[in-house]
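Engineer: To start, I am sharing the structure in question, which I have written as structure tokens.
Numbering (the numbering used here), first residue to last: -1 to 106.
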């Protein structure tokens, strides 16, 4: 599955709940270390999730603070590293859509 195919759903989910594309990008930047230009390149290149996370400049050191259930699984207990990273992103977007403050989403 490509990141580009799921990305519009992240934006739609956030905007449907009154949040912004910029907030989604802030979450992606925080989690992966991509800047705006690099993120757009990943979207345009239609990379799969494995490549998206493998090429990430850095996964934020506070990802271990992302806990809870997404799609019926506790994110902190997912053993497959790639699936865990995908679910981290899903969890953060879900928190955004639920109205959580950006400082709390970004584990500040």
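Note that the Cβ used here is the ideal one computed from N, Cα and C, for glycine as well. Just so we're clear, the structure is a prediction, and the values are computed from it rather than from any experiment.
Could you tell me which of 58, 59, 60 and 37 sits nearest to residue 49, measuring between CA atoms?
Structural biologist: Residue 49 sits at position 51 when you count from the first residue of the chain shown. The shortest C-alpha separation from residue 49 is found at 37.
Engineer: Please report how far the alpha carbon of residue 3 lies from the alpha carbon of residue 44, in whole angstroms.
Structural biologist: What you label residue 3 is simply residue 5 of the chain shown in a count that begins at 1. What you label residue 44 is simply residue 46 of the chain shown in a count that begins at 1. So the alpha carbons of these two residues sit roughly 8 Å apart.
Engineer: Determine the burial state of residue 92: buried for a count of at least 16 other Cβ atoms within 10 Å of its Cβ, exposed for fewer.
Structural biologist: Here residue 92 refers to the residue found at position 94 of the chain shown. When all chains shown are included, residue 92 counts as buried.
Engineer: In chain order, what residues of the same chain lie with their CB nearer than 7 Å to the CB of residue 11, ignoring the 5 residues before and after it?
Structural biologist: Here residue 11 refers to the residue found at position 13 of the chain shown. These residues qualify, in order along the chain: 91 and 95.
Engineer: For residue 100 versus residue 34, is the C-beta spacing smaller than 8 Å?
Structural biologist: Translated into positions along the chain shown, residue 100 becomes position 102. Translated into positions along the chain shown, residue 34 becomes position 36. No. Outside cutoff.
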